[in-house]
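Peer 1:
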Amino acid sequence: MRRVWVTGGAGFIGSHLVRWLVRHYPHWAIHTLDALTYAGHLANLEDLQGAPNHHFHQVNIADRAALEALWESVPPDWIFHLAAESHVDRSILSPLDFVHTNIVGTAVLLELARHRWTDKTDKLFYHVSTDEVYGSLGEEGYFTEETPYAPRSPYAASKAAADHLVRAYGHTYGLPYIISNCGNNYGPYQFPEKLIPLTIMNLIERQPIPVYGKGENMRDWIYVEDHVRAIIRLAEQAPRGRTYLISAQNVRRNREVVELLCDLYDALRGTKDSRRLIRFVQDRPGHDYRYALQPSSTLLDLGWQPEVDFHEGLRQTLEWYQTHQSWLNAVRTSAYHTYYQKQYAHRLSSS
Ligand code: NAD
Ligand code: DAU
Numbered sequence: 000m001r002r003v004w005v006t007g008g009a010g011f012i013g014s015h016l017v018r019w020l021v022r023h024y025p026h027w028a029i030h031t032l033d034a035l036t037y038a039g040h041l042a043n044l045e046d047l048q049g050a051p052n053h054h055f056h057q058v059n060i061a062d063r064a065a066l067e068a069l070w071e072s073v074p075p076d077w078i079f080h081l082a083a084e085s086h087v088d089r090s091i092l093s094p095l096d097f098v099h100t101n102i103v104g105t106a107v108l109l110e111l112a113r114h115r116w117t118d119k120t121d122k123l124f125y126h127v128s129t130d131e132v133y134g135s136l137g138e139e140g141y142f143t144e145e146t147p148y149a150p151r152s153p154y155a156a157s158k159a160a161a162d163h164l165v166r167a168y169g170h171t172y173g174l175p176y177i178i179s180n181c182g183n184n185y186g187p188y189q190f191p192e193k194l195i196p197l198t199i200m201n202l203i204e205r206q207p208i209p210v211y212g213k214g215e216n217m218r219d220w221i222y223v224e225d226h227v228r229a230i231i232r233l234a235e236q237a238p239r240g241r242t243y244l245i246s247a248q249n250v251r252r253n254r255e256v257v258e259l260l261c262d263l264y265d266a267l268r269g270t271k272d273s274r275r276l277i278r279f280v281q282d283r284p285g286h287d288y289r290y291a292l293q294p295s296s297t298l299l300d301l302g303w304q305p306e307v308d309f310h311e312g313l314r315q316t317l318e319w320y321q322t323h324q325s326w327l328n329a330v331r332t333s334a335y336h337t338y339y340q341k342q343y344a345h346r347l348s349s350s
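Numbered according to numbering that gives the first Met the number 0, the sequence shown terminates at residue 350, and the numbering increases by one at each position without gaps.
1) Under the rule that 16 or more other beta-carbon atoms within 10 Å means buried, what is T143, buried or exposed?
2) Are G39 and G10 touching if we call contact CB-CB under 8 Å?
3) Taking the alpha-carbon positions, what's the Y148 to A159 distance?
4) Tell me the start and end of each unbroken alpha helix (DSSP H) in the stretch 194 to 250 that is at least 4 residues and wholly inside, in chain order.
5) Select from R151, F79 and E204 the residue whose C-alpha is nearest the C-alpha of Y125.
6) Closer than 7 Å to a non-hydrogen atom of the ligand DAU - does that hold for the CB of L92?
7) Measure the CB-CB distance between D33 and A65 and report whether it falls below 8 Å.
8) Is V87 near the ligand DAU, judged by its Cβ being under 7 Å from some heavy atom?
9) Report yes if the CB atom of I177 is closer than 8 Å to the CB atom of A247, and no otherwise.
10) Provide the residue span of the alpha helix (DSSP H) that contains H15, from first to last.
11) Can you tell me whether S273 is buried or exposed? The criterion is at least 16 other CB atoms within 10 Å of its CB, across all chains shown.
12) Assuming L41 and V21 make a contact with CB atoms under 8 Å, what is their CB distance in whole Å?
13) Mind checking whether D62 and D121 have CB atoms under 8 Å apart?
14) Please report the distance separating the alpha-carbon of V103 from that of P94.
15) Please determine whether the Cβ atom of L81 lies at a distance below 7 Å from any heavy atom of the ligand NAD.
16) Alpha carbon to alpha carbon, how far is A28 from W220? Give it in angstroms, no decimals.
17) Tell me whether H286 counts as near the ligand DAU, meaning its Cβ is closer than 7 Å to at least one heavy atom of that ligand.
18) Counting along the chain, where does the alpha helix (DSSP H) carrying L54 start and finish?
19) Among F190, G285 and L292, which one has its Cα closest to the Cα of Y133?
20) DSSP state of A351, grouped into three classes?
21) Could you give the DSSP three-state label for S333: helix, strand or coil?
22) Can you find the residues in the same chain that come closer than 7 Å, C-beta to C-beta, to H226, ignoring five residues on each side of it along the sequence?
23) According to the neighbour-count rule (16 or more other Cβ atoms, all chains shown, within 10 Å of its Cβ), is N253 buried or exposed?
24) Taking Cβ to Cβ, would you say T31 is nearer than 8 Å to V5?
25) Of the choices H336, R283 and A329, whose alpha-carbon is the least far from that of Y211?
26) Take T332 as the anchor and find which of S72, E192, D130 and H286 has the nearest alpha-carbon.
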């Protein structure tokens, strides 16, 4: 039996990874570790209730004593590390939260692994990271595994620091690790602060849809389950001590993504005027222009390919949010409404 920890398993990507592991590896013990911040919700895992191979622990990864105690009772063989503060706009508002969880939290986990994994046979520290560590591209080109790090937002800098720590522990202490850097994920259970779920929420509620700047910025989009399948493939088969890039090579301008969602919504609901909700608003400070990744040849050689076409993925995502409005209402606390006001009220009033 392999015992697996998934940190951040009650978040967006983490919950899809946990679901995949629980369903495909019934003989493994899957332990979700999550602090249940504003972005983590047990509702994201509610279909796993009663699964005998899944266990949930509410714990902060920066709390060393709590993690030590957990390690004592359920020591992991593999750790998938996803717990993080993940939203760039929030990192601009409160950078220290990002330093604390993404850097200190990762360091605490690494320290435990260093001291506790004296026998490193079949051990794995898998760090889920982002393409934002590489900075911003112009109109041409792609990030590759060799691209130098050049993070530009507090979020990106905190993830870059975490990547460097993982690599340093591999080099110095022989920690068996994998880092994968991926572009923008979308799909069910994504918190409605990110572009796609926020657009869908505002389409459903017929509210203005804020697009930063002129909507010219580009992101490399991937359906969350394609990302999860890539993570599993790498964890199962890829050489340790390396970094891999995951991408569906699906680079789109923000304006195109939002317009596509408006048109899909109109087609599904028989409306015609959704694009009229779009508002071009004051830009994000330091907004990275373009991300585009060349997926690692190792990943492609292992037979991984994205399976979900962008239009189909957006359609499924839109339908999921339409049929899960109770989830949307449950995750939007008063703190969310305060954040939304702070982030958008002035932008929308002057658009
Ligand atoms: P998310 O914000 O939806 O979820 C993060 C989870 O981490 C939440 O459940 C939250 O409760 C938990 N968490 C936060 N701080 C914690 C702490 N101190 N201790 C324990 N748990 C804590 O994020 P996501 O979009 O699912 O991203 C997951 C990981 O993937 C992150 O590391 C992120 O940097 C990375 N990533 C995300 C994307 C993307 O497009 N969303 C792309 C590439 C990489
Ligand atoms: O690239 C991977 C990263 O993608 C992940 O590491 C991050 O965790 C994840 O949050 C995401 O970062 P982005 O900043 O790219 O995602 P976000 O959804 O916030 O924004 C996507 C694009 O849309 C970006 O160019 C900013 C723009 N945007 C975003 C919001 C929230 C808008 O135009 N309007 C908005 O309201």
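Where is the CB? At the ideal position from N, CA and C, for every residue including glycine.
Source: prediction; values computed, not measured.
Peer 2: Judging by the given coordinates:
1) When all chains shown are included, T143 counts as exposed.
2) Judged by their CB atoms, G39 and G10 are nearer to each other than the 8 Å cut-off.
3) Cα to Cα, the separation comes out at about 7 Å.
4) Here the runs fully enclosed are 194 to 203 and 223 to 236.
5) The residue with the shortest Cα to Cα distance from Y125 is F79.
6) Not so, every heavy atom of the ligand DAU lies at least 7 Å from the Cβ.
7) It is not a contact, given that the beta carbons lie outside the stated cut-off.
8) The beta carbon of V87 sits closer than 7 Å to at least one heavy atom of the ligand DAU.
9) Contact: no.
10) Start and end: F11 to H23.
11) A buried status is given to S273, since no fewer than 16 other beta-carbon atoms sit within 10 Å of its beta-carbon.
12) Rounded, the Cβ-Cβ distance is 14 Å, inconsistent with contact.
13) With respect to D121, D62 sits apart: the two C-beta atoms are not nearer than 8 Å.
14) Looking at the two C-alpha atoms, the distance is approximately 13 Å.
15) Within the cutoff, so yes.
16) Between W220 and A28, the C-alpha separation is close to 31 Å.
17) Yes, since a heavy atom of the ligand DAU falls inside the 7 Å radius drawn around the Cβ of H286.
18) The identity of residue 54 in the sequence shown is His, whereas the question assumes Leu. That residue, H54, is in no alpha helix (DSSP H); its beta strand (DSSP E) goes H53 to Q57.
19) The candidate whose alpha carbon is nearest that of Y133 is L292.
20) The structure shown does not extend to residue 351, since the chain spans only 0 to 350, so no value can be given for it.
21) The answer is helix: DSSP assigns S333 an H, G or I state.
22) Non-local C-beta neighbours of H226 in its own chain, meaning closer than 7 Å and more than five positions away in sequence, comprise I12, C181, N184 and I245, ordered along the chain.
23) N253 is buried by the Cβ-count criterion.
24) The answer is yes: Cβ separation under 8 Å.
25) Among H336, R283 and A329, the Cα nearest to that of Y211 is on R283.
26) Of all alpha-carbon atoms in S72, E192, D130 and H286, the one lying nearest the alpha-carbon of T332 is that of E192.
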